[in-house]
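Below you'll find the structure, written out as structure tokens, and then a few comments.
Protein chains in written order, with the working numbering: chain A, 342 to 477; chain B, 342 to 477; chain C, 342 to 477; chain D, 342 to 477; chain E, 342 to 477; chain F, 342 to 477.
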């Protein structure tokens with residue numbers, strides 16, 4: 342499966358970690374598909390972070406606005422990129438502690454199952470067992 | 342406001358930090374708009390840095406030459422990317438210790454002011470106060 | 342010299358370092374030109390790594406398959422990028438401990454020589470001297 | 342003001358980001374004072390993270406147990422370190438949008454005020470203004 | 342179980358990634374228990390790496406000598422630290438593709454099993470299956 | 342040669358890169374021997390930096406004060422560590438472009454020479470040659 346996605350990127354050397362975490366939260370609230378920070382070293386010896394956002398057409402303008410409103414960014418790069426995706430289907434998986442939500446992922450003849458984190462976490466906490474007891 | 346910018350990128354596992362800092366200085370001297378280093382982990386267990394440069398058409402060829410001359414790079418990726426920018430206007434801002442240079446930035450209805458670092462630094466040092474006393 | 346190259350990128354917050362190193366090995370075995378990991382900070386407080394692969398047309402599909410098979414990735418960005426390369430010629434270089442393989446690299450009037458790591462390493466180990474005694 | 346604190350540290354190359362974030366949550370729940378992850382590059386080309394925990398005597402044993410239970414760690418370094426701390430007093434600060442919780446911090450003749458993040462965040466969200474409008 | 346271990350640390354801003362990887366190899370050959378690199382940002386805008394080595398008494402002097410011989414270090418910090426370790430016992434684990442070497446780890450009432458990477462890797466390659474098919 | 346040195350460390354999630362670079366400058370002005378930043382990932386999804394300072398007894402108190410005055414730190418760890426150092430002697434080294442300042446470093450039977458960066462840089466710039474032409 343293929344689609345296209347927008348990637349927004351900006352380098353931030355005058356924002357705090359608190360502000361960066363707050364901005365990430367607002368971007369996810371607005372519908373961004375992924376948001377991440379990369380440590381970078383900028384001019385004048387400044388340790389900094391690059392902010393990257395992946396989003397679809399419908400929320401792109403709002404994501405740009407959030408970045409300008411919530412961070413010190415005065416510009417950002419905007420590029421459209423192609424993605425290759427595995428097909429995904431919601432399934433459930435059995436664990437020694439009960440059933441969890443999972444995704445069955447397929448691409449050509451490759452098949453794998455991923456357990457949903459929130460579902461595994463809930464089961465681990467309910468049963469007082471390590472997360473790894475559910476995920477394995 | 343929109344424009345287009347060149348981004349040059351290369352991965353360097355056989356350059357020292359001294360050389361990387363020297364190269365950044367030469368790139369800014371040549372007119373690069375931004376230069377940054379990202380820590381990356383490469384083949385054969387090599388801790389390394391990716392060099393990234395943003396520049397306009399007029400200095401692109403010189404930036405490529407500086408990278409080839411000053412680093413161990415034998416190739417680099419060159420891509421043209423679109424940017425979204427806030428409109429900017431030079432203004433001044435009042436602080437308890439005097440006036441500093443600032444930029445008034447606007448994008449649609451979003452407006453913010455950024456104090457120029459060098460101006461804030463000069464005022465902090467003149468007055469023997471923390472930088473934060475000026476920037477706030 | 343110019344060419345074009347594919348860059349595959351995916352963010353991995355549910356893969357271990359062991360798996361990432363194994364996947365890098367498989368990608369190089371399949372003919373990838375370069376593979377690297379970048380530390381990134383993702384949603385829900387997850388420390389993670391971005392995987393990047395540079396490869397030519399002939400192995401692109403196999404690289405995509407390796408990433409889907411060996412990691413937890415459910416999607417990846419795929420972009421075609423232009424590269425600028427120095428011309429390269431296999432040469433040898435003399436060191437106080439014997440001859441090593443090297444590359445003579447040229448771009449316009451810029452010329453530099455890079456000693457091949459594996460060749461330098463072999464000579465350092467044979468002679469019981471530091472690697473730097475060969476590389477200088 | 343001075344005190345002593347335990348620092349627990351372990352390098353993890355066979356844990357996922359999901360697991361690391363889960364473990365951080367459990368460590369804070371148990372009373373750890375600070376928990377953080379540092380990207381590191383380990384043997385056999387493995388991109389990894391170091392986990393560090395700062396905690397007081399009363400929860401040290403439980404923090405050790407959480408790390409062993411929730412991660413792949415088979416050992417950790419445990420050291421007792423001295424800290425220098427600013428004196429802190431709970432205060433409030435006025436902002437254009439209302440009052441926020443803050444801390445007045447003093448050390449010898451140095452005095453500064455830090456606004457509490459959660460309090461600033463609540464006010465920003467209530468008033469539909471950027472976080473920076475509160476923090477400044 | 343508790344023991345004590347030496348930790349050697351030095352910051353390197355004038356060493357290449359090639360040299361750092363070579364030095365790691367020599368340190369492990371000499372008997373170091375763990376070696377890792379941490380990205381750091383140093384003076385004069387230099388992107389750099391910190392080298393850390395954990396070793397026992399018997400190889401400490403040789404590890405110091407390797408660092409001085411193979412890197413640009415002119416000094417290093419040397420500290421003795423306490424460790425808490427899980428008890429470990431060599432066991433085997435069954436997988437759908439055969440038996441692998443593993444370690445049974447115990448600490449108080451916590452018990453976990455870790456599959457040995459090299460053993461899992463060999464089995465994955467023999468059977469043409471993903472590494473994850475063995476590790477799970 | 343052995344000596345002892347103070348190491349000050351603090352985690353900063355509410356400081357900007359501009360402020361971090363300014364603080365590093367003030368710490369070196371005050372006589373710190375080394376200052377560096379390490380990217381770390383802290384609580385509540387905050388990308389951050391750890392500040393580390395190495396200093397001697399005579400400037401330790403001033404370094405602590407600078408960190409409290411110039412950053413958002415409310416505490417820091419302070420530890421005394423032992424160092425092993427190579428003996429150093431100021432020498433000069435010949436290059437194809439003239440003489441540069443260098444250090445002759447010795448430890449037991451290990452001997453190496455390091456060219457002083459500022460001296461190499463001056464010569465490279467005077468002669469219009471790459472820095473590597475001097476350093477090799």
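All C-beta atoms in this analysis are idealised placements derived from N, C-alpha and C, irrespective of residue type, glycine included.
Residue 375/D carries a strand assignment under DSSP once its states are collapsed to helix, strand and coil.
The alpha-carbon separation between residue 447/D and residue 424/D amounts to approximately 15 Å. Following the DSSP letters along the chain, one finds residue 390/D inside the beta strand (DSSP E) bounded by residues 387-396. A Cβ of chain F is located within less than 8 Å of the beta carbon of residue 385/C.
Under the DSSP assignment, residue 460/F falls in the alpha helix (DSSP H) whose first and last residues are 458-468.
Membership of residue 435/C in the beta strand (DSSP E) is indicated by the continuous run 428-436. Put simply, the CB of residue 361/B is near chain E, with a gap under 8 Å to one of its CB atoms. At a beta-carbon threshold of 9 Å, none of the residues of chain F lie near residue 353/D; the nearest stands roughly 13 Å away. One Cα belongs to residue 437/B, the other to residue 460/B, and the distance between them is close to 14 Å. Judged by their CB atoms, residue 355/D and residue 413/D are nearer to each other than the 8 Å cut-off.
Per DSSP, residue 345/F is one residue of the beta strand (DSSP E) stretching across 343-353. Contact annotation, residue 381/C with residue 378/A: C-beta distance approximately 7 Å; criterion of less than 8 Å satisfied.
Judged by their CB atoms, residue 404/A and residue 353/A are not nearer to each other than the 8 Å cut-off. By the Cβ neighbour-count rule, residue 417/F is buried, with 16 or more other Cβ atoms within 10 Å of its own.
Secondary structure of residue 449/E (DSSP, three-state): coil. By the neighbour-count criterion, in which a residue is buried when 16 or more other Cβ atoms sit within 10 angstroms of its Cβ, residue 421/D is exposed. Closest in alpha carbon position to residue 395/A, among 430/A, 368/A, 387/A and 431/A, is 368/A. At least one CB atom of chain F sits nearer than 8 Å to the CB of residue 358/A. Ranked by how close their Cα comes to the Cα of residue 444/C, the residues 456/C, 372/C and 450/C have 456/C in first place.
Closest in alpha carbon position to residue 351/C, among 466/C, 383/C and 454/C, is 383/C. Beta-bridge annotation (DSSP): residue 381/C is paired with 389/C. Chain C places no beta carbon closer than 8 Å to that of residue 395/D, leaving this residue out of the contacts. Our two residues, residue 358/A and residue 364/A, have alpha carbons roughly 10 Å apart in a direct line. Per DSSP, residue 356/C lies in no alpha helix (DSSP H) and is assigned neither H nor E. Distance from the CA atom of residue 474/E to the CA atom of residue 387/C, rounded to whole angstroms, is 24 Å. Across the structure, residue 391/E and residue 375/E are spaced so that their CA atoms are roughly 14 Å apart. Taking 9 Å as the cut-off between beta carbons, the residues of the segment 401-430 of chain E near chain D are 420, 422, 423, 424, 425, 426, 427 and 429, in sequence order. For residue 473/C, the three-state secondary structure derived from DSSP is helix. Nearest neighbour of residue 360/C by Cα position, chosen from 346/D, 385/D and 471/D, turns out to be 385/D. Secondary structure of residue 443/C (DSSP, three-state): strand. Excluding residues up to 5 positions away in sequence, 443 and 445 lie with their Cβ nearer than 6 Å to the Cβ of residue 432/F in the same chain. Between the alpha carbons of residue 370/D and residue 476/A lies a gap of roughly 21 Å. Counting other Cβ atoms within 10 Å of its Cβ, residue 411/E reaches 16 or more and is therefore classed as buried. Interface flag for residue 388/B against chain E is set, since a Cβ pair is found closer than 8 Å. Rounded to whole angstroms, the gap between the alpha carbons of residue 427/E and residue 409/D is 8 Å.
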